[in-house]
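Trainee: So that we are looking at the same thing, I have put the structure below in structure tokens.
Numbering (UniProt numbering), first residue to last: 1 to 373.
Given below as structure tokens:
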């Protein structure tokens, strides 16, 4: 049995694809999985590091503003289609799985031409352009948010599975995690995540929290600032009189490899509304303050945040409101209302889907077995 998994460019496409590939290998010993990506995307680093076979094709995304640059993109698309054709003819998979990103287009177009069944996974409440277009030739689309259903054609099978998260996120023990972070039983722990590359407006707004809560023994803050903005934020904190080396309850780091430990220990999370991050927060049942990134493609983070907030699991603070002090006021109101925090946590746990990977893998294997009894 052979399956091709494709998805590339950003972590939002690559990490779900990688989780699916690893889930297939675990569920069906002897299965062959080939990951098709590009040599420039994030997949070129993380897929090979995970020990999976990676084949690359030549393709680039279309420019929405500088249209004249699309001549080169279209030329590369033609080359990418030919390369995808050679790969699929050689590997002969029973199923092709796509998680989005422009690398999916040539692979799935060729798969459709070769009559290979296609399963797509859509991470966001507002689907990406590639998946909306490819759904016309797909057999099934697995959704993270049921709100995405209305954007797909009625003829395609739509299943709300959730988004697969790493096993360590689900299994991390809260008690051990809090002990590892030196948290006292009665200490309230806030985790702020700006993203791996940082989020300057969010980082800037967090300074008001640092100043308001520094030195308070009942509360601890861990802020993941991102590598690009870490040094600037540290310097600005010192300018604001925030003594990071002396206050004892506020820590800023550029990146956090063990994010599963921080999530397991957290009482409240503040961050953007990317689909992968949200899936991890929800599977842990955490109340969240979401600040959607306003420049995300098609404003999809806003749609993600609304889908979670309308179920009572999160409060939205828009990026434009960060300069008004709304983030601090929102934190203050939640700290003063433990019952609301409890209700948000319960709503978050109801939305979490720890079985997402199992559902997706089961669907892929069932379809593959139709063609490979």
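Even glycine gets a Cβ: it sits at the ideal position worked out from N, Cα and C. Just so we're clear, the structure is a prediction, and the values are computed from it rather than from any experiment.
Which ranges does the alpha helix (DSSP H) cover as unbroken runs of at least 4 residues, wholly within the segment 279-358, from first to last along the chain?
Mentor: 300-309, 326-335 and 338-351
Trainee: Residue ranges of each beta strand (DSSP E) run of no fewer than 3 residues wholly in the segment 229-285, ordered along the chain?
Mentor: With a minimum length of 3 residues, the continuous beta strand (DSSP E) runs that stay inside the segment 229-285 are 250-253 and 268-271.
Trainee: Return the CA-CA distance between residue 189 and residue 275, expressed in angstroms with no decimal places.
Mentor: 23 Å
Trainee: Going straight from the alpha carbon of residue 203 to that of residue 54, what length do you get?
Mentor: 36 Å
Trainee: Identify, in the order they occur along the chain, each residue of the same chain with its Cβ nearer than 6 Å to the Cβ of residue 127, setting aside the five sequence neighbours on each side.
Mentor: Non-local C-beta neighbours of residue 127 in its own chain, meaning closer than 6 Å and more than five positions away in sequence, comprise 148 and 151, ordered along the chain.
Trainee: Could you pull the start and end residues of the beta strand (DSSP E) that residue 56 belongs to?
Mentor: 54-56
Trainee: With respect to the beta strand (DSSP E) encompassing residue 158, which residues constitute its N-terminal and C-terminal limits?
Mentor: 157-160
Trainee: Just reading off the alpha helix (DSSP H) that residue 13 is part of, what are its end residues?
Mentor: 11-27
Trainee: Please report the Cβ distance between residue 164 and residue 356, rounded to the nearest whole angstrom; I am assuming they are in contact, meaning their Cβ atoms lie under 8 Å.
Mentor: 5 Å
Trainee: Cutting at 7 Å between CB atoms, please list the residues of its own chain near residue 280, excluding the five before and the five after it.
Mentor: So the qualifying residues of the chain are 165, 169 and 263.
Trainee: Determine which residues share a DSSP beta bridge with residue 98 and list them.
Mentor: For residue 98, which the question treats as bridged, DSSP gives the partners 6 and 120.
Trainee: Just tell me which of 250, 246, 284 and 270 has its CA closest to the CA of residue 261.
Mentor: 284
Trainee: Between residue 145 and residue 370, what straight-line distance do the alpha-carbon atoms span, to the nearest angstrom?
Mentor: Take the alpha-carbon of residue 145 and the one of residue 370: they are about 28 Å apart.
Trainee: Between which two residues does the beta strand (DSSP E) carrying residue 48 extend?
Mentor: No beta strand (DSSP E) contains residue 48, which is instead part of the alpha helix (DSSP H) from 43-49.
Trainee: How would you call residue 162, buried or exposed, if buried means at least 16 neighbouring beta carbons within 10 angstroms?
Mentor: buried
Trainee: Going by other Cβ atoms of all chains shown within 10 Å of its Cβ, with 16 needed for buried, is residue 299 buried or exposed?
Mentor: exposed
Trainee: Of the choices 329, 99, 77 and 51, whose alpha-carbon is the least far from that of residue 8?
Mentor: 99
Trainee: Quick check: what's the CA-CA separation for residue 118 versus residue 140?
Mentor: Using only the alpha carbons, I get a separation of about 7 Å.
Trainee: Based on Cα-Cα distance, which residue from 200, 314 and 361 lies nearest to residue 273?
Mentor: 314
Trainee: Quick check: residue 80 and residue 57, are their CB atoms within less than 8 Å of each other?
Mentor: yes
Trainee: Is DSSP giving residue 137 helix, strand or coil here?
Mentor: helix
Trainee: Return yes when the Cβ of residue 6 is within less than 8 Å of the Cβ of residue 37, no when it is not.
Mentor: yes
Trainee: Could you tell me how far apart the beta carbons of residue 34 and residue 14 are, in whole angstroms, since I believe they sit closer than 8 Å?
Mentor: 15 Å between Cβ atoms; not a contact.
Trainee: Based on Cα-Cα distance, which residue from 268, 226, 278 and 270 lies nearest to residue 257?
Mentor: 226
Trainee: Please state the DSSP three-state secondary structure of residue 114.
Mentor: coil
Trainee: Would you mind giving the Cβ-Cβ distance between residue 249 and residue 215, rounded to the nearest angstrom? I have them listed as a contact below 8 Å.
Mentor: Residue 249 to residue 215, Cβ: 7 Å. Contact.
Trainee: Taking DSSP as the reference, what is the three-state secondary structure of residue 128?
Mentor: Looking at residue 128 - three-state DSSP - the assignment turns out to be coil, as it is neither helix nor strand.
Trainee: Taking the beta strand (DSSP E) that residue 32 belongs to, which residues open and close that run?
Mentor: 32-37
Trainee: Excluding sequence positions up to five away, which residues of its chain have a Cβ less than 7 Å from the Cβ of residue 112?
Mentor: 118 and 137
Trainee: Express the C-alpha separation of residue 124 and residue 386 in angstroms, rounding to a whole number.
Mentor: Only positions 1 to 373 of the chain appear in the structure, and residue 386 is not among them; the question remains open.
Trainee: Pop quiz: residue 292 and residue 305 are said to be a contact at Cβ under 8 Å. What is the actual Cβ separation, rounded to whole angstroms?
Mentor: With 8 Å as the limit, residue 292 and residue 305 qualify as a contact, their Cβ atoms being about 5 Å apart.
Trainee: Excluding the 5 residues flanking residue 39 on each side, which residues of the same chain have their C-beta closer than 7 Å to its C-beta?
Mentor: 56
Trainee: Would you tell me roughly how many angstroms separate the C-alpha atoms of residue 241 and residue 211, rounded to the nearest one?
Mentor: So the alpha carbons of these two residues sit roughly 8 Å apart.
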